[in-house]
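Heads up: the structure comes next, in structure tokens.
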Amino acid sequence: MDERSMQILTLLQEADGYVPASVMMDKFHISKRTVYYDLDKINHWLITNGLDPVEHLRGSGFRLPKEAKDRLPKLVQSLTVRQYYYSPEERKAWLAIHLLTQKEPLFKRDLAELLQVSRGTAHQDLAAVRETFTRYGVGISFDRVLGYRPTGREEDKRRALTEALSPILSDVSWKEFVSQVSGLVNASLTRTQLPQLKEEDLASVYGMIDRCEAALGIELTDEMVVHLASRLLLFASRIATGETVKLDRDEAEALRRTPEYRAAEDLASQLGALLGIRLPGDEIGYLTIQLLGARLNRASSLPDESGTDERIRELTAEMIDRFERQACVYFHDREQLESNLQVHMKPAYYRLKYGIRLPNPAVDSIRDRYGEIFVLTKAAVKPFEDYLEQTMPDDEIGYVAMHFGGWMKREQAVPAGRRKAAIVCVNGVSTARMLKAQLEQLFPSLDILEFLSLRDYERYEGDADVIFSTVPLQGGSRKIFKVSPILSDLEKADLLAAMSGIAGGPGRGGVGSAETQALQLLKLIRRHADIRDEEALGGELTRFLATGMAGVDAGEKPVLRELLTEATVRVRPSCRNWREAIRQAAEPLAANGSITPSYIEAMLGKVETYGPYMVVAPGVAIAHAKPEEGVNRLGMSLLKLEEPVAFSEEEKHQVRAIVVLAAQDGERHLRALQDLTRLLREEEARTRLLEASTVSELLTLFDTNIPQD
895 MDERSMQILT
905 LLQEADGYVP
915 ASVMMDKFHI
925 SKRTVYYDLD
935 KINHWLITNG
945 LDPVEHLRGS
955 GFRLPKEAKD
965 RLPKLVQSLT
975 VRQYYYSPEE
985 RKAWLAIHLL
995 TQKEPLFKRD
1005 LAELLQVSRG
1015 TAHQDLAAVR
1025 ETFTRYGVGI
1035 SFDRVLGYRP
1045 TGREEDKRRA
1055 LTEALSPILS
1065 DVSWKEFVSQ
1075 VSGLVNASLT
1085 RTQLPQLKEE
1095 DLASVYGMID
1105 RCEAALGIEL
1115 TDEMVVHLAS
1125 RLLLFASRIA
1135 TGETVKLDRD
1145 EAEALRRTPE
1155 YRAAEDLASQ
1165 LGALLGIRLP
1175 GDEIGYLTIQ
1185 LLGARLNRAS
1195 SLPDESGTDE
1205 RIRELTAEMI
1215 DRFERQACVY
1225 FHDREQLESN
1235 LQVHMKPAYY
1245 RLKYGIRLPN
1255 PAVDSIRDRY
1265 GEIFVLTKAA
1275 VKPFEDYLEQ
1285 TMPDDEIGYV
1295 AMHFGGWMKR
1305 EQAVPAGRRK
1315 AAIVCVNGVS
1325 TARMLKAQLE
1335 QLFPSLDILE
1345 FLSLRDYERY
1355 EGDADVIFST
1365 VPLQGGSRKI
1375 FKVSPILSDL
1385 EKADLLAAMS
1395 GIAGGPGRGG
1405 VGSAETQALQ
1415 LLKLIRRHAD
1425 IRDEEALGGE
1435 LTRFLATGMA
1445 GVDAGEKPVL
1455 RELLTEATVR
1465 VRPSCRNWRE
1475 AIRQAAEPLA
1485 ANGSITPSYI
1495 EAMLGKVETY
1505 GPYMVVAPGV
1515 AIAHAKPEEG
1525 VNRLGMSLLK
1535 LEEPVAFSEE
1545 EKHQVRAIVV
1555 LAAQDGERHL
1565 RALQDLTRLL
1575 REEEARTRLL
1585 EASTVSELLT
1595 LFDTNIPQD
């Protein structure tokens, strides 16, 4: 068995019915031949362990027999290294961990044995780890007696260890009822490879973390509890061998002024008693850093003598201001958004400050499906980057983008409150909020009541009829759906089909008929064409029909050139003042019914209230107001003036191009806005815009400088 085979086995174990080959091809980006090759490996392993193989039904797909499903969780917990083939990435992570947690000398033959590979492969993996370690300032030395050993500062070694642990602890839970096969496999292999992580010690540390949370008035994400407990035990094993951190004196003093330091003192005392070691003062400071950088579900406010909390609040508010300004949106319930984001940004601030990397498994999906929001967020986090004098990694930006994206979608979704649901998420509130927004768009009649951690779920007695969870759960009378944080089109279609009868989708005629219609279409196609793969085509048709009927991702995001046309672009010699300029710029949208007169008045009121914030680039302003203040449909217009008009007395607020944006919601205008922003960033293109004297010149500029894909 290998990583992908185990993921396919996990998919089959979690599925209620048959899984088509096309679903596996889409999910794992593999060919049909590879699907069958992996299924052969899975069947060989199942039969070897006394279980029935995967069942195949032509036209439906593959299914794991019930007995195999029931016995599988216990079976995989006894999986050994010799029964599992590590992927190159897994080997690299494990090799790094062994180097950083070794108690005995390690030679190439030992590494080859630990990873079950040849010495040549072990040598190649070692070279890859050496390259990765350089990012942290860690080297690898070799001694004929001591073998391979990491070199460098202890703080840097621990950063390297923390990153290597992240993929290994993926899907691992300390809750037995979360029986995801891949997580159980990782837990089993981790116990085999890392004897420092004894189950009884981990259980004790979970209790320590729980008491620490209570003292601080916080709740860590479920995922963070597992990672933090594992780190603490491995750090403690290094302390036991004399490998300790050394903190800067001023930094250590600043840490002592935080509430987390007092919690870290108690944690250090308990950890020391458990393992029979003493943690020096700098190690308590280092524990404080781990607590400060931990991802949170919720937090209450404790006295902070350092003043950092107030600065983070200011930076968070400035970040939201930048996002609103650049996305041309106004967030409702702004105070609540600030509060929620501050809970996330405080640990993010400390992670950036102390170089703690937090991998985000959803970042690629966020960039792919919500690219405009990701780009806007990347620009909005600049206040934090400037204050800390470093660039925020894409993983961190992804989490912030999920906050913004979830809030924007929340404002355009109108749940009817007829059926009730809850979300169980181990990854934190930002992930849960993004998932909530997607589900509310899919099911307007579904009222999502609350977000639950695994600990909340264990004692949950609320009103939810349905549970959506990012991890597999066992669940009594409630219907449970296992979902990804960022829903793919495939998952949306499957959910629409599965939820028909539980919660209505926004479609016409219901989604339950998609499979029936797909079968009818197959019959028609079969009469007139040869079908190479009927099962795959049937699955694709079902998903397409379900998606189409329910309007998944309805409302395409138009590009700039679709909104700025000959009818909405005007050139005038001058205007008397900025008020007249905004009125004239808005005329095309008022004429075509995109906006009402009240929207123009609202835009004028925004400038009077907030000042010349609409000036977004030298010579260019983007005027806009809230959708409910008079927008009938999405629209954009442009007024180009030969003589500048003043939006304030300052020279930098002299404007020659006024764009009016009428956005119906928080998202559909973002593609066109991104096109415009890209054009304004290019000095040559911006100069051509400001110097253009005809509508034709402007339209040619948009055609030649903005991609039309």
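So for the sequence shown, our numbering puts the first residue at 895; every next one is plus one. Virtual Cβ for every residue (Gly too), placed ideally from N, Cα, C.
Buried or exposed (CB count within 10 angstroms, at least 16 for buried), residue i
i: P1467; result: exposed
i: F1036; result: exposed
i: K997; result: exposed
i: T1115; result: buried
i: L951; result: exposed
i: T1210; result: buried
i: L1418; result: exposed
i: K968; result: exposed
i: H1017; result: exposed
i: H1547; result: buried
i: S1488; result: buried
i: Y1504; result: exposed
i: A1423; result: exposed
i: Q1568; result: buried
i: H938; result: exposed
Member of the options whose CA lies at the smallest distance from the CA of residue i
i: T1138; options: V913, G1046, V1120, R1216; result: G1046
i: K1330; options: R1216, S1378, G1101; result: S1378
i: V1549; options: T1202, K1092, R1580; result: R1580
i: Y842; options: R1251, I1476, A1274; result: Any question about residue 842 goes unanswered here, given that the chain covers just 895 to 1603.
i: F1217; options: V917, R1205, L1235; result: L1235
i: H1121; options: R1132, L1096, P1338, A1134; result: L1096
i: P1338; options: L1390, T1325, V1294; result: L1390
i: P1287; options: D1280, K1272, Y1281; result: K1272
i: L905; options: L1535, Y1155, F956; result: F956
Other residues of its chain near residue i: CB distance less than 6 Å, five sequence neighbours each side excluded
i: V1463; result: L1532, V1589, L1592
i: E1212; result: P1277
i: L1173; result: A1162, G1166
i: I991; result: A1058
i: Y978; result: M895
i: K1314; result: D1341, L1343, D1357, A1358, D1359
i: I854; result: For the chain, the structure presents residues 895 to 1603; residue 854 sits outside this window and is missing.
i: M1118; result: A1188, R1189
i: G1403; result: Per-residue confidence for G1403 stands at a pLDDT of 38, beneath the threshold of 50, marking its modelled position as unreliable; the derived number appears in the next sentence. Cβ neighbours of G1403 beyond the five flanking positions: none.
i: P999; result: L1040, G1041
i: L858; result: The chain is shown from 895 up to 1603; residue 858 falls before or after that span and cannot be answered.
i: E1561; result: M1302
9 Å Cβ cutoff met for residue i and residue j
i: D1019; j: L1005; result: yes
i: R1327; j: G1300; result: yes
i: H1238; j: L1190; result: yes
i: D1519; j: N1471; result: The sequence shown places Ala at residue 1519, rather than the Asp named in the question. Not closer than 9 Å, so no.
i: L1161; j: L1141; result: no
i: R1565; j: K1451; result: yes
i: R1263; j: Q1184; result: no
i: Q1332; j: L1270; result: no
i: V1514; j: L1416; result: no
i: A993; j: I1034; result: Looking at the sequence shown, residue 993 is not Ala but Leu. Yes; because the gap between Cβ atoms is below 9 Å, this pair is in contact.
i: S1259; j: V1294; result: no
i: M1296; j: A1256; result: yes
i: V929; j: A915; result: yes
i: E1576; j: N1599; result: yes
i: L1168; j: S1098; result: yes
Neighbourhood of residue i by C-beta distance below 7 Å, restricted to the same chain and skipping five residues each side
i: F1129; result: R1052
i: I1516; result: C1222, M1508, V1510, V1553, L1555
i: K963; result: Q907
i: P1253; result: S1060, D1289
i: I1374; result: I1361, S1363, L1367
i: E989; result: Checking the sequence shown, residue 989 turns out to be Leu, not Glu. Answer for L989: L1005, L1009, D1019, L1020, V1023, listed in chain order.
i: R1003; result: R1013
8 Å CB neighbourhood of residue i in its chain, flanking five on each side removed
i: I1476; result: I1494, M1497, L1498, V1501, A1517, I1552, V1554
Residue-level contact to chain E via CB, residue i, 9 Å cutoff
i: L1384; result: Checking the listed chains, one finds no chain E in this structure; it contains a single protein chain.
Length at least 4, wholly inside the segment 1321-1347: the alpha helix (DSSP H) runs in chain order = Runs of the alpha helix (DSSP H) spanning 4 or more residues and lying entirely within the segment 1321-1347 occur at 1323-1336, in chain order.
request  = Pick out the complete alpha helix (DSSP H) segments inside the segment 914-996, 4 residues or longer, and give them in chain order.
outcome  = You should have 915-922, 926-942, 960-970, 982-995.
inquiry  = Going residue by residue through the segment 1094-1145, where are the continuous alpha helix (DSSP H) segments of at least 4 residues, counting only ones entirely within it?
reply    = Listed in chain order, the complete alpha helix (DSSP H) runs (minimum 4 residues) inside the segment 1094-1145 are 1116-1134.
message = Please give the ranges of any beta strand (DSSP E) in the segment 1153-1235, keeping only runs that are unbroken, at least 3 residues long and fully inside the region.
response = Runs of the beta strand (DSSP E) lying entirely within the segment 1153-1235, each at least 3 residues long, are 1190-1193 in chain order.
key: Those runs of the alpha helix (DSSP H) which lie wholly inside the segment 1561-1599 and span at least 4 residues   = Complete alpha helix (DSSP H) runs here, min 4: 1564-1575, 1577-1585, 1589-1599.
ask   = What alpha helix (DSSP H) runs, 4 residues minimum, are completely inside the segment 1470-1546?
value = Runs found: 1472-1485, 1491-1504.
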